[in-house]
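Residue numbers (this note's numbering): 1 to 311. Structure, as structure tokens:
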Amino acid sequence: MYFPYLRGKQFELIALRELCTLFPDDLDKISPVIEPVKPSSTLSSTLGELANRNANFNIIINPRVGDLKNQYDEIIQIISSALSNGYTNYQLAVIIHPETERNIQPLIDFLNGLELEYNGITLIHKTEISNQNIQLLHNELNITYNLIYFSKTSRRYYREFDQSTLVSLDDYFEELSRNADYLNQESDFSNEYRFYQQDGFVGFSDFLTIGDTYSESGFLPRAVAIHLSYLDNDRIKVKHFVSDSNEDVSDIGGKFSEAISKLVIWCDQNNLNTSAINVFRDLQQRGHFPGLGTLKKLSIINHIELVINNI
């Protein structure tokens, strides 16, 4: 199973919502991980749509970034309101970070005191904790999944957990400091989708074509970059399509036109077709610039569709 890890920003959430419509028969192949970063109607409607489609998901109650950091009660209220119809096919997710080690029992007490019905707990290990605390968590909570962030833990740490709960997590997106730096570039991503079961995991997770770095952004870029996942000899790679007129922040629509023309030509040459790529083709043909957020949304949808079609 695939566990795409997304921050709860507007267009990440819209991508998940649209996926429910685009791939209704494949939702059993994915279990999105949502780290909410701000309270919004989009967050509530996305949770509601996932529930309407009986899609399994993981909602983090202790986000490490954004406006909802440390706002546990507010997050629980959002979940309760969005899933007021008694939906239970989801996991509450908890990020294990350095502070968690010092507050294991209060965390357990908080979770056990919640008046919510859900499928279990997902632990996201962004740091290692002691064997004693691992046992305490598993003895007192219903742990469904352990997502092990391999770049943040030792390679042997995952062996401390029941194999039936193991999900591999890593950041495979090669982030560069500026959009213009991606010009004429492609990046290796991963082939985890092929080997996660052989390696003893029940699922795998990544940060898609966004990466783990969190930014509120909001500024106009000098260059427009579209990051497109594709399959090359059974390995996922990312092709970067970047505008050429990158001297200043003017004419974002023109920069988009330059980038999307490159994307469409390359996809046509390589006979690539996904739902997102077909939308890119339509945008290019109509000469329509939908906004930078929509580019991110389409990149997310393309990545998830690529994984769904190959697991």
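Cβ coordinates follow ideal geometry from the N, Cα and C atoms, glycine included.
For the region 186 to 234, the full-length beta strand (DSSP E) segments reaching 3 residues or more read 186 to 190, 203 to 206 and 225 to 232 along the chain. Pairing R222 with D248 gives a Cβ-Cβ distance under 8 angstroms.
The region 156 to 166 makes no contact with the region 180 to 193; the number of CB pairs closer than 8 angstroms stays below 3.
Annotation: V33 is outside any alpha helix (DSSP H); the continuous beta strand (DSSP E) that includes it extends over V33 to E35.
Residues D171 of the same chain have their beta carbon placed closer than 7 angstroms to that of D212, with the five preceding and five following residues left out of the count. As a beta-bridge residue in DSSP terms, G120 pairs with Q91. In the DSSP annotation of this structure, the continuous segment of the beta strand (DSSP E) that includes V167 starts and ends at L166 to D170.
Positions of the beta strand (DSSP E) runs, each at least 3 residues long and wholly inside the region 49 to 119, are given as 57 to 60 and 90 to 96 in order along the chain. Looking at L16, T100, T209 and E258, the one whose alpha-carbon comes closest to that of A55 is L16.
The C-alpha of L283 is placed about 26 angstroms away from the C-alpha of E175. In the DSSP assignment, T144 falls within the unbroken beta strand (DSSP E) covering I143 to Y149. The C-beta distance from I95 to I60 rounds to 6 angstroms, short enough to meet the 8 angstroms contact threshold.
8 angstroms or more divides the Cβ of F195 from the Cβ of V167.
Approximately 7 angstroms separates the beta-carbon atoms of Y149 and I124; this is inside 8 angstroms, confirming the contact. Nearest to E192 by alpha-carbon distance, out of P24, N142 and K237, is K237.
Under the three-state reduction of DSSP output, F23 falls in the coil class, being neither helix nor strand.
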